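**Q**
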Amino acid sequence: YIIAEFFEFVDSVITNVEESKQTSIYKILEHIIKRDSENAEMAIPAYILFGNNPDYIDIIRNDHVKHNPVYNNIIECFVFKGINDLFFGIVEVLRKINEEYPNDTFVFDNVLKMRIFMKIVKESISMDDLCDAMNSSNFKI
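The opening residue of the sequence shown carries number 4 in this note's numbering; numbering runs sequentially from there.
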């Protein structure tokens with residue numbers, strides 16, 4: 004799955020969690036969670052994460068980053084295996100780039116969005132949703 008609208012989804016969750024459940028990205032992620040949350044490969048275009056800076060790609064490629072993102076040159080995306088690695092991997096990629104380039108406002112904005120997003124997701128998931136997710140997979144928040 005290539006998720007090119009990732010930050011549009013993050014913005015929609017930040018703006019209104021309930022309305023974000025109507026988006027196509029939410030439905031795709033929900034489908035993945037129900038089917039194979041640990042093994043599904045999801046790709047995020049590099050330009051979505053931090054613009055068009057090839058140095059940033061090299062930083063992530065050449066450094067150990069938690070949640071093991073793999074850069075695919077053909078599709079110019081970072082590929083994550085599983086839902087946990089997708090969300091936490093994006094946070095780690097952005098954190099790493101932000102450490103190296105703290106004055107990059109595009110990356111900094113995405114770091115802030117992901118922090119808010121992760122906090123909202125952790126606080127807004129209902130007990131029923133959590134039980135369903137835990138029963139159907141090894142999804143961990």
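Cβ coordinates follow ideal geometry from the N, Cα and C atoms, glycine included.
Values in this document were obtained by computation on a predicted structure and should not be read as measured data.
#1: Bridge partners for residue 74 per DSSP, in chain order?
#2: Flag this pair as yes or no: are the beta carbons of residue 97 and residue 71 separated by less than 8 Å?
#3: In angstroms with no decimal places, state the Cα-to-Cα distance between residue 110 and residue 90.
#4: Excluding the 5 residues flanking residue 54 on each side, which residues of the same chain have their C-beta closer than 7 Å to its C-beta?
#5: On the three-state DSSP scale, how would you describe residue 43?
#6: Could you tell me how far apart the beta carbons of residue 81 and residue 47 are, in whole angstroms, since I believe they sit closer than 8 Å?
#7: Where does the unbroken alpha helix (DSSP H) through residue 6 begin, and where does it stop?
#8: Within 10 Å of its beta-carbon, does residue 22 have 16 or more other beta-carbons around it, so buried, or fewer, so exposed?
#9: Between residue 75 and the rest of its own chain, which residues show a CB-CB distance below 6 Å, the 5 nearest in sequence each way excluded?
#10: Which value, in whole angstroms, describes the spacing of the CA atoms of residue 44 and residue 73?
**A** Per the coordinate set shown:
#1: 81
#2: no
#3: 16 Å
#4: 109
#5: coil
#6: 5 Å
#7: Run containing residue 6: none; DSSP gives neither H nor E here.
#8: exposed
#9: 82
#10: 10 Å
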